[in-house]
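> Position one of the sequence shown corresponds to residue 426 (our numbering), numbered consecutively onward.
The beta carbon of each residue, even a glycine, is placed where N, CA and C say it ideally should be.
Remember, it's a predicted structure, so these values are computed and weren't measured experimentally.
This is the structure, below, for whatever I ask next.
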Amino acid sequence: MSKKPPAPPQTEKRVFKPSREFSKKARIGSLQQYRELWEESVKRPDKFWAREASELVWDTKWSKVLEWKEPFAKWFVGGKLNVSENCLDRHLGTPRQNKAAILWEGEPGEKRALTYQQLHREVCRFANVLKSHKVKKGDRIIIYMPMVPEAAIAMLACARIGAIHSVVFGGFSAEAIRDRINDSQAVLVITCDGGYRRGSVVGLKRNVDDALKEGVETIRNVIVYKRTGQDVTMQAGRDLWWHEEVEKVDAHCPSTPLDSEHPLFILYTSGSTGKPKGILHTTGGYMTGAYTTCKYVFDLRDEDVYWCTADIGWVTGHSYLVYGPLACGATSLMYEGAPNWPENDRFWKIIEDYRVTIFYTAPTAIRAFIRWGDECIKKHNLSSLRLLGTVGEPISPDAWNWYHSVIGGGNCPIVDTWWQTETGSIMITTLPGAASTKPGSAGLPFFGVDAAIVDDDGNEVPANTGGKLVIRQPWPSMLRNIHGDKARYKKTYWGDIKGMYLAGDGARRDKDGYFWIEGRIDDVLNVAGHRIGTNEVESALGSHPAVAEAAVVGRPDELKGQAVVCFVTLKMDITATPQLREDLRKHVRHVIGPVATPDDIRFADALPKTRSGKIIRRLLKQIASGGVVSGDTSTLEDLSILAKLGSSED
Ligand code: PRX
């Protein structure tokens, strides 16, 4: 690999051992135990995964654990099961029946608790609503909702009848919803009138209406859950109120036994080229992966109050807010709103109020907490916490240290979990009772994960040498396809080096086998833990009538990890003005959504290109970061362009 991203600064060199007390109670209590089980899991994956999958409820047992015809995997071949049965029904008739499955707090402060029995009932009723509107097994359903229990109910109801959900994050625009509807050919949308975010109301139904205005032919119905009570337009014959529909059905809805490889969900994520990819996950393997990782990584106990702060619009919300914890019979806490509403201490207040024991969040949030200062934290008693987690981007050792001492009081192990929408569940981490943690490193591979760092030819590189992060054998919760595009699936993930899944991250592995993730090696940005393809922002800008050409790169950002920097050339006779800059920013928000809002827009007469016309991103990245441009620039069409780009003046 020619260009390696720089390693994160490492001011913290200490290694943190799990406490004897934690290890004694943990399912995996020593490094040796982890190593033995890991050896088995990669040498005899069929044996290891069969044992784990047997802890789930199967209507029909599989005949073969894995059928691997690279790059297509089938797990638990011939097996039949239902994910909602595994998350709900199997806890009924046990002491978990009346335990809280979901504890919910709305941003304005309302509180709800749904026991396993109550959640089961709501899911059955809503599944009957879907059936009453002719939703069948295999139909695609779009869920565009805020963080309310009904979002989880909608997901589980789809799973119950074999409908395939595609959750669209509330921060995406009408156009993004329309693209996802059309790509998935969805028949129904489930949404809310609105949701609360930082004290204001977000108009979700309005966005759905805009998405359906034109160019969508497959949607028959929109089911609207009333959250805020704001005015919405209900189109007769198409739009239905959730609360009215559930009154019309009963709560009896047996779960449908589904083939292990039946699709469970499609979740769109950004890649380095083209439109967002519909990552397809299936039933048996995904459920096994989410369940097994939740059990070992969070070492979940019945007494735990487990809080994953991710939105259900992202894969973390799927695997570690809904499916994983519920399959484990845990109590999963869900909070609707912003961490700084009404004050900066909202999260700490929630931890104190609910006596949260496990807290799983993202480095971008941790950096914001650090900035807000420790005073608002000290007001609260966080002593209930026993385990902390992080996900989504590398955490700097200094932020790790702060998290460990200020939030964890120095007593909580931290699991830094590396994984992706595509992997479905956690792939690299340190099991909290088994292995020491090195701040800034994600840790060791999870069971069944044969991760390695390789060069461009697929040869493993020596310790502490940067390279490509790959996975060398299939795992149960791996993506099965990009919806409707096998060729892209093959090329993107398995087309680089034979027999290896390419994660798209650069990393190194130290002499103890710990992985240090260095960030994406493709044109994907990680902005506040959200994946954004530079090409998506470029085509959004390109669709504005004033824009001739645009190139988008990331620059390091203290809070968000990366910021979105756009270089734009305008059409002849268009003048660069601050107003136009603002219009372009709005335009990107309109096309993709607030998640992709550009941080900087810089106008230029032309973009630096090679003789063959390829934009030289390396130079743009350096300019965007304020670095000195270095290296061979002799292939530039016009060197004078560079100087002009260096200025953000109009
Ligand atoms: O670059 C890696 C980064 O997030 C990417 C995956 O993004 P997404 O599919 O949106 O899923 C995020 C939540 C699972 C990866 O390719 N990433 C994720 N976790 C970590 C990370 N980078 C460093 N450390 C992590 N723990």
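Pull up the distance between the alpha-carbon of ASP823 and that of CYS719, whole angstroms please.
Within the sequence shown, residue 823 is the residue found at index 398, counting from 1. Within the sequence shown, residue 719 is the residue found at index 294, counting from 1. If I take the Cα positions, the gap works out to 27 Å.
> Between the alpha carbons of ILE946 and GLN655, how many angstroms are there, rounded?
Locating residue 946 in the sequence shown gives position 521, where the first residue counts as 1. Locating residue 655 in the sequence shown gives position 230, where the first residue counts as 1. For ILE946 and GLN655, the distance between alpha carbons rounds to 44 Å.
> Less than 8 Å between the beta carbons of VAL1076 and TYR926, yes or no?
The structure shown does not extend to residue 1076, since the chain spans only 426 to 1075, so no value can be given for it.
> With H, G and I counted as helix, E and B as strand and the rest as coil, what does DSSP make of ASP841?
Locating residue 841 in the sequence shown gives position 416, where the first residue counts as 1. The answer is strand: DSSP assigns ASP841 an E or B state.
> For SER1073, which three-state DSSP category applies?
Your numbering for residue 1073 matches position 648 in the sequence shown. Confidence in SER1073 is poor, its pLDDT being 45 and thus under 50, which makes the residue's placement too unreliable to answer from.
> According to DSSP, is GLU961 helix, strand or coil?
The count along the sequence shown starts at 1 and reaches residue 961 at position 536. Helix at GLU961.
> In terms of alpha-carbon separation, which member of PHE992, ILE1026, VAL989 and ILE586 lies closest to GLN1079?
There is simply no residue 1079 to check, as the chain begins at 426 and stops at 1075 in what is shown.
> To which residues of the same chain is SER455 closer than 7 Å at the C-beta, ignoring the five residues directly before and after it?
The count along the sequence shown starts at 1 and reaches residue 455 at position 30. Result list for SER455: SER448 and ALA859, in chain order.
> Excluding five sequence neighbours on each side, which residues of the same chain lie with their C-beta closer than 7 Å to the C-beta of THR616?
As a first step, residue 616 is located in the sequence shown; it is residue number 191 there, counting from the start. Same-chain partners within the cutoff: TYR569, MET570, LEU629, LYS630, VAL633, VAL647 and VAL649.
> Would GLU761 and GLU530 be called neighbours here (beta carbons separated by less than 8 Å)?
Translated into the one-based positions of the sequence shown, residue 761 becomes position 336. Translated into the one-based positions of the sequence shown, residue 530 becomes position 105. Contact flag set, yes.
> Using alpha carbons as the reference points, say which of ALA676, SER680 and GLY710 lies closest to PHE690.
Counted from its first residue, the sequence shown places residue 690 at position 265. Checking every option, the nearest Cα to that of PHE690 belongs to GLY710.
> So what's GLU461 in DSSP terms, helix, strand or just coil?
Position 36 of the sequence shown, counted from the first residue, corresponds to residue 461. DSSP, read as helix, strand or coil, puts GLU461 in helix.
> Between SER808, ALA582, GLY620 and ALA735, which lies nearest to ALA676 when the distance is taken from Cα to Cα?
Working through the sequence shown from its first residue, we reach residue 676 at position 251. ALA676 has its Cα closest to that of ALA582, out of SER808, ALA582, GLY620 and ALA735.
> Taking PRO767 as the reference, give the member of GLY624, PRO682, CYS678 and LYS911 with the closest Cα.
If you number the sequence shown from 1, residue 767 lands on position 342. If we check each option's Cα against that of PRO767, GLY624 comes out closest.
> Using 8 Å as the limit for Cβ to Cβ distance, is ILE704 near chain D?
Considering every chain present, this structure includes no chain D. It has just one protein chain.
> At the level of alpha carbons, what is the spacing between GLY662 and GLY967?
For the purposes of this step, residue 662 is identified with residue 237 of the sequence shown, where counting begins at 1. For the purposes of this step, residue 967 is identified with residue 542 of the sequence shown, where counting begins at 1. Near 37 Å, if we compare the C-alpha coordinates of GLY967 and GLY662.
> What does the alpha-carbon distance come out to for the pair ALA965 and GLY1018?
Residue mapping note: residue 965 aligns to position 540 of the sequence shown, counting from 1. Residue mapping note: residue 1018 aligns to position 593 of the sequence shown, counting from 1. Each residue's Cα considered, the two are about 10 Å apart.
> Specify, as a first and last residue, the run of the beta strand (DSSP E) that PRO688 falls within.
By one-based count along the sequence shown, residue 688 stands at place 263. Here the beta strand (DSSP E) through PRO688 covers 688–694.
> Is ASP982 near ligand 1, judged by its Cβ being under 7 Å from some heavy atom?
Here residue 982 refers to the residue found at position 557 when the sequence shown is read from its first residue. No; taking the cut-off as 7 Å, the Cβ of ASP982 has no heavy atom of ligand 1 nearer than that.
> What's the gap between the Cα of ALA867 and the Cα of TYR785?
The residue given as residue 867 occupies position 442 in the sequence shown. The residue given as residue 785 occupies position 360 in the sequence shown. Their backbone Cα atoms lie some 14 Å apart in a straight line.
> What residue does the alpha helix (DSSP H) around ILE1048 start on, and which one ends it?
Taking the sequence shown and counting its residues from 1, one reaches residue 1048 at position 623. Where ILE1048 is concerned, the enclosing alpha helix (DSSP H) stretches over 1042–1049.
> What residue does the beta strand (DSSP E) around GLU943 start on, and which one ends it?
Stepping through the sequence shown from its first residue, residue 943 is reached at position 518. Its beta strand (DSSP E) spans residues 940–945.
> Excluding sequence positions up to five away, which residues of its chain have a Cβ less than 6 Å from the Cβ of ILE1040?
As a first step, residue 1040 must be located in the sequence shown, where it is residue number 615. ALA976, LEU1032 and LYS1034.
> Does the distance from the C-beta atom of ILE567 to that of ILE606 stay below 8 Å?
Walking along the sequence shown from the start, residue 567 turns up at place 142. Walking along the sequence shown from the start, residue 606 turns up at place 181. A contact, by the Cβ cut-off of 8 Å.
> Round the Cβ separation of TYR716 and LYS702 to the nearest angstrom and send it over; I've been treating them as touching at under 8 Å.
One-based indexing of the sequence shown puts residue 716 at position 291. One-based indexing of the sequence shown puts residue 702 at position 277. That pair is no contact at about 25 Å.
> Taking the alpha carbon of GLY503 as the reference point, which residue from THR540, THR708, LEU462 and ARG565 has its own alpha carbon closest?
The sequence position of residue 503 within the sequence shown is 78, counting from 1. In terms of CA proximity to GLY503, THR708 leads the group THR540, THR708, LEU462 and ARG565.
> Would the beta-carbon of ARG452 be found less than 7 Å away from any heavy atom of ligand 1?
Walking along the sequence shown from the start, residue 452 turns up at place 27. Every heavy atom of ligand 1 is 7 Å or more from the Cβ of ARG452, so no.
> Going along the chain, which residues of its own chain have a beta-carbon closer than 6 Å to the beta-carbon of ARG439, five neighbours each way excluded?
Within the sequence shown, numbered from 1, the residue matching residue 439 stands at position 14. None.
> Return the residue from the list ILE802, GLN987 and THR1000 that minimises the CA-CA distance to ALA1049.
Walking along the sequence shown from the start, residue 1049 turns up at place 624. Closest option to ALA1049, Cα to Cα, is GLN987.
> Within 10 angstroms of its Cβ, does LYS803 collect 16 or more other Cβ (buried), or is it exposed?
Along the sequence shown, read from residue 1 onward, the residue named residue 803 stands at position 378. That one is exposed.
> Is the separation between the beta-carbon of ARG780 and that of VAL730 shorter than 8 Å?
For the purposes of this step, residue 780 is identified with residue 355 of the sequence shown, where counting begins at 1. For the purposes of this step, residue 730 is identified with residue 305 of the sequence shown, where counting begins at 1. Taking 8 Å as the Cβ cut-off, ARG780 and VAL730 qualify as a contacting pair.
> If you run the structure through DSSP and keep just helix, strand and coil, what is GLY703?
Your numbering for residue 703 matches position 278 in the sequence shown. Correct three-state label for GLY703: strand.
> Take ILE775 as the anchor and find which of LYS673, LEU758, THR789 and ALA790 has the nearest alpha-carbon.
Translated into positions along the sequence shown, residue 775 becomes position 350. When each option's Cα is compared against that of ILE775, the closest is LEU758.
> When every heavy atom of ligand 1 is checked, does at least one fall within less than 7 Å of the C-beta of TRP844?
Your numbering for residue 844 matches position 419 in the sequence shown. TRP844 Cβ: within cutoff of ligand 1.
> Quick one, are the C-beta atoms of ALA611 and ILE644 less than 8 Å apart?
Locating residue 611 in the sequence shown gives position 186, counting from the first residue. Locating residue 644 in the sequence shown gives position 219, counting from the first residue. Contact: yes.
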